[in-house]
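In what follows, a single structure is set out as structure tokens and then discussed.
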Amino acid sequence: MNNKYFTEIVDSYVAGRMDMTKQYTDSELKELIQQVALELFERIPIGVVNPEAVTTEVYNNKKKSGLIQPLLDDDTVNEIMINGTDGIYVEKSGTLIEYGVRYSDKDALFNTVQMMLSWANRTVNESNPIVDARLANGSRINVVLPPVAVNGPIVTVRKFRDTQFTMEDFIARGMLSRRQSQYLIQCIAHRKNIIISGATSSGKTTFLNVLAGYIPITKRIITVEDTVELRLTQPNVVRLETRNANTEGRGEIRMRDLIKAALRMRPDHLIIGEVRDESALDMLTALCTGHDGSMSTAHANSAADVLLRLETMALWEGHVSSTAIKQMIVSGVHVVVQLDRTESSERIVREIVEVVGYEDGKILLRPAAI
25 MNNKYFTEIV
35 DSYVAGRMDM
45 TKQYTDSELK
55 ELIQQVALEL
65 FERIPIGVVN
75 PEAVTTEVYN
85 NKKKSGLIQP
95 LLDDDTVNEI
105 MINGTDGIYV
115 EKSGTLIEYG
125 VRYSDKDALF
135 NTVQMMLSWA
145 NRTVNESNPI
155 VDARLANGSR
165 INVVLPPVAV
175 NGPIVTVRKF
185 RDTQFTMEDF
195 IARGMLSRRQ
205 SQYLIQCIAH
215 RKNIIISGAT
225 SSGKTTFLNV
235 LAGYIPITKR
245 IITVEDTVEL
255 RLTQPNVVRL
265 ETRNANTEGR
275 GEIRMRDLIK
285 AALRMRPDHL
295 IIGEVRDESA
305 LDMLTALCTG
315 HDGSMSTAHA
325 NSAADVLLRL
335 ETMALWEGHV
345 SSTAIKQMIV
355 SGVHVVVQLD
365 RTESSERIVR
375 EIVEVVGYED
385 GKILLRPAAI
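For the numbering used here, count along the sequence shown from 1 and bump the result up by 24.
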């Protein structure tokens, strides 16, 4: 017999002892588990089971996130990827590895997902099978249920460091040079509008957070994000977050709704999380109407690609021409920082370019003079 067998027994006994009308505190739940475990372990020969490991796992099952709680508590884990009952993978220091255990059945995984989402006041079900949310510790969670995910539930948790990176950290890691960092800091001082582009997990949000940290503390900052990730320390920061529709299909608040609302809040600097739809047009409109010193991120493989992608997304709105949008980009976007992730999983600044004009239907770019 192993710890798993005894964990199931203790878990079952605790469930029978719990008062379902009572809201247990952490200490009360731990005390109940320890009491039940002590009674059971008195009948078991010493050395057969690890009591501490069993009680910890039962507590995690009851109060926290079950099987993956140790991963959530592990500061060296950056991302957790649960492929249904097929396996769990984690990213540690840029390396993807398989976790040693997995969920035994989809119901247990689904129950864990529901518990995690309840903290964020979100629900996931067959009629709403895709959900993004922010956990209490600031981590971002994405859930995709069957039948959309054939081998689901599929769960991805992006964790964020308690201690934030600094520009000096980036320089020490070789992400960018000191001259590049000084150039970008000067761009912020001169209220340049900056787009940070890159592939998935290239460090866009982390880099944006560091750059935004150079905005003076005397300025009013409005952030707009799908899921709040930025952690700015300036005193005058307003954070806005989109909201999914409820189970009745009502109550959705989109990125473009928040951008329009933010413009009425007298922002000195507008910080927009990743743009991925027609909200690109609202962002460009904001950048072209006196809101200098703003920043945003977008997925793209190069600086030129991100401008084409902004144009394409803005065109989804349907009532603005390609020429008009290109001219808005030239007017509103001053600098593009392209991030990349190398084969060894290092994040680097691949290029920094300036938007310098519009000629013969093309947006003109030039490498920043660094």
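Quick reminder that beta carbons are idealized off the backbone N, C-alpha and C, glycines included.
_Going by beta-carbon coordinates alone, are K228 and T321 separated by less than 8 Å?_
For this step, residue 228 is matched to residue 204 along the sequence shown. For this step, residue 321 is matched to residue 297 along the sequence shown. Result yes, Cβ atoms of K228 and T321 sit closer than 8 Å.
*Pull up the distance between the alpha-carbon of R390 and that of P177, whole angstroms please.*
Along the sequence shown, one-based indexing puts residue 390 at 366. Along the sequence shown, one-based indexing puts residue 177 at 153. Spanning the two alpha carbons is a distance of roughly 46 Å.
*T347 lies in the alpha helix (DSSP H); which residues open and close that run?*
Start at 1 with the first residue of the sequence shown, and residue 347 comes out as number 323. That run of the alpha helix (DSSP H) goes 346-356.
*Option nearest H315 by Cα separation, candidates A304, Q351, G356*: On the sequence shown, residue 315 is found 291 positions in, with the first residue counted as 1. That would be G356, whose Cα lies nearest to the Cα of H315.
*Exposed unless 16 or more other CB atoms sit within 10 angstroms - verdict on D384*: Sequence index remark: in the sequence shown, residue 384 carries index 360 (1-based). Answer is exposed; the Cβ neighbour count stays below 16.
_Would V262 and I283 qualify as a contact pair, given that the criterion is a beta-carbon distance under 8 Å?_
If you number the sequence shown from 1, residue 262 lands on position 238. If you number the sequence shown from 1, residue 283 lands on position 259. No, these two residues do not count as a Cβ contact at 8 Å.
_Could you tell me the alpha carbon to alpha carbon distance between L96 and A132, rounded to whole angstroms?_
Walking along the sequence shown from the start, residue 96 turns up at place 72. Walking along the sequence shown from the start, residue 132 turns up at place 108. In a straight line, the C-alpha of L96 is about 18 Å away from that of A132.
_Cutting at 6 Å between CB atoms, please list the residues of its own chain near V252, excluding the five before and the five after it._
Sequence index remark: in the sequence shown, residue 252 carries index 228 (1-based). Correct list, in chain order: R158, R263, E265.
*M191 and S205 closer than 8 Å at C-beta*: As a position in the sequence shown, residue 191 is number 167, starting the count at 1. As a position in the sequence shown, residue 205 is number 181, starting the count at 1. It is a contact, given that the beta carbons lie within the stated cut-off.
*Locate the beta strand (DSSP E) running through Q362, then write down its first and last residues.*
The residue labelled residue 362 in the question sits at position 338 within the sequence shown. Here the beta strand (DSSP E) through Q362 covers 359-365.
*Which residues mark the beginning and the end of the alpha helix (DSSP H) in which A196 is found?*
On the sequence shown, residue 196 is found 172 positions in, with the first residue counted as 1. Unbroken alpha helix (DSSP H) run through A196: 191-196.
*Would you report the Cα separation of H214 and T79, rounded to the nearest angstrom?*
Looking up residue 214 in the sequence shown gives position 190. Looking up residue 79 in the sequence shown gives position 55. Going by the C-alpha atoms only, they are around 57 Å apart.
*Delimiting residues of the beta strand (DSSP E) encompassing P291*: In the sequence shown, the residue the question calls residue 291 occupies position 267. No beta strand (DSSP E) contains P291, which DSSP labels as neither H nor E.
*Can you list the alpha helix (DSSP H) stretches of 4 or more residues lying completely in the segment 82-168, in chain order?*
93-97, 130-143
*How big is the Cα-Cα spacing for N149 and T366?*
Residue 149 sits at position 125 when you count from the first residue of the sequence shown. Residue 366 sits at position 342 when you count from the first residue of the sequence shown. Spanning the two alpha carbons is a distance of roughly 37 Å.
*Go ahead and label S51 buried or exposed: buried means 16 or more other beta carbons lie within 10 angstroms of its beta carbon, across all protein chains shown.*
Counting from one through the sequence shown, the residue named residue 51 turns up at place 27. Under this definition S51 is an exposed residue.
*Straight-line Cα distance separating T136 from L232*: On the sequence shown, residue 232 is found 208 positions in, with the first residue counted as 1. On the sequence shown, residue 136 is found 112 positions in, with the first residue counted as 1. Near 32 Å, if we compare the C-alpha coordinates of T136 and L232.
*asked:* Do R371 and S226 have their beta-carbon atoms positioned less than 8 Å apart in this structure?
replied: As a first step, residue 226 is located in the sequence shown; it is residue number 202 there, counting from the start. As a first step, residue 371 is located in the sequence shown; it is residue number 347 there, counting from the start. Yes; because the gap between Cβ atoms is below 8 Å, this pair is in contact.
_Spatial distance of L53 from V38 (CA atoms)_ = Position 29 of the sequence shown holds residue 53. Position 14 of the sequence shown holds residue 38. Answer to the nearest angstrom: the Cα atoms are 9 Å apart.
*Would you mind sorting D306 into buried or exposed? The rule is 16 or more other CB atoms within 10 Å of its CB.*
What you label residue 306 is simply residue 282 of the sequence shown in a count that begins at 1. The residue in question, D306, is buried, as its Cβ has 16 or more Cβ neighbours within 10 Å.
*Enclosing beta strand (DSSP E) for Y382 [first to last residue]*: Here residue 382 corresponds to residue number 358 of the sequence shown, with the count starting at 1. Where Y382 is concerned, the enclosing beta strand (DSSP E) stretches over 371-383.
_Taking the straight line between their C-alpha atoms, what separation do you get for Q93 and V344?_
By one-based count along the sequence shown, residue 93 stands at place 69. By one-based count along the sequence shown, residue 344 stands at place 320. Taking the straight line joining both Cα atoms gives about 48 Å.
*Pull up the CB-CB distance for C211 and I218, whole angstroms please, since I reckon it's below 8 Å.*
Start at 1 with the first residue of the sequence shown, and residue 211 comes out as number 187. Start at 1 with the first residue of the sequence shown, and residue 218 comes out as number 194. About 6 Å; that satisfies the 8 Å criterion.
*M279 and V248 closer than 8 Å at C-beta*: Taking the sequence shown and counting its residues from 1, the one referred to as residue 279 is at position 255. Taking the sequence shown and counting its residues from 1, the one referred to as residue 248 is at position 224. Yes, the Cβ-Cβ distance between M279 and V248 is below 8 Å.
*asked:* Looking at D250: is its Cβ nearer than 8 Å to the Cβ of G297?
replied: On the sequence shown, position 226 is the one that residue 250 refers to. On the sequence shown, position 273 is the one that residue 297 refers to. Cβ atoms of D250 and G297: closer than 8 Å.
*By Cβ distance below 7 Å, which residues in the same chain neighbour M199 in space, the five residues on each side in sequence not counted?*
Taking the sequence shown and counting its residues from 1, one reaches residue 199 at position 175. Answer for M199: R371, I372, V373, listed in chain order.
*So the alpha helix (DSSP H) D230 belongs to, where does it begin and stop?*
Residue numbering aside, residue 230 sits at position 206 when the sequence shown is read from its first letter. Inspection of the sequence shows that residue 230 is occupied by Thr rather than by Asp. 228-236 is the extent of the alpha helix (DSSP H) around T230.
*Find the nearest neighbour of Y207 within the set V155, Q351, Y238, V181, judged by alpha-carbon distance.*
By 1-based counting over the sequence shown, the position of residue 207 is 183. When only C-alpha atoms are compared, the closest one is Y238.
*Would you kindly report the start and end of the unbroken alpha helix (DSSP H) that includes V330?*
Counting from 1 along the sequence shown, the entry for residue 330 is found at position 306. Start and end: 327-339.
*With distances taken Cα to Cα, identify the nearest neighbour of M289 among R300, Q258, R244, S318.*
Walking along the sequence shown from the start, residue 289 turns up at place 265. The residue with the shortest Cα to Cα distance from M289 is R244.
*Quick one: what's got a C-beta closer than 8 Å to T224's C-beta in the same chain, skipping five residues either side?*
Here residue 224 corresponds to residue number 200 of the sequence shown, with the count starting at 1. Result list for T224: H323, in chain order.
*Hey, could you find the ends of the alpha helix (DSSP H) I220 is sitting in?*
Locating residue 220 in the sequence shown gives position 196, counting from the first residue. From DSSP, I220 is part of no alpha helix (DSSP H) but of the beta strand (DSSP E) over 218-222.
*E66 by DSSP, collapsed to three states: which one?*
To locate residue 66, count along the sequence shown from 1; it is residue 42. E66: coil per DSSP, three-state reduction.
*Taking Cβ positions, are L294 and S318 nearer each other than 8 Å?*
Counting from one through the sequence shown, the residue named residue 294 turns up at place 270. Counting from one through the sequence shown, the residue named residue 318 turns up at place 294. Taking 8 Å as the Cβ cut-off, L294 and S318 qualify as a contacting pair.
*Given a threshold of 16 other Cβ atoms within 10 Å of its Cβ, counted over all protein chains shown, does E81 qualify as buried or as exposed?*
Against the sequence shown, residue 81 aligns to sequence position 57. Buried is the call here.
*Does any CB atom of chain B fall closer than 8 Å to the CB of I33?*
Chain labels in this structure do not include chain B; a single protein chain is all it has.
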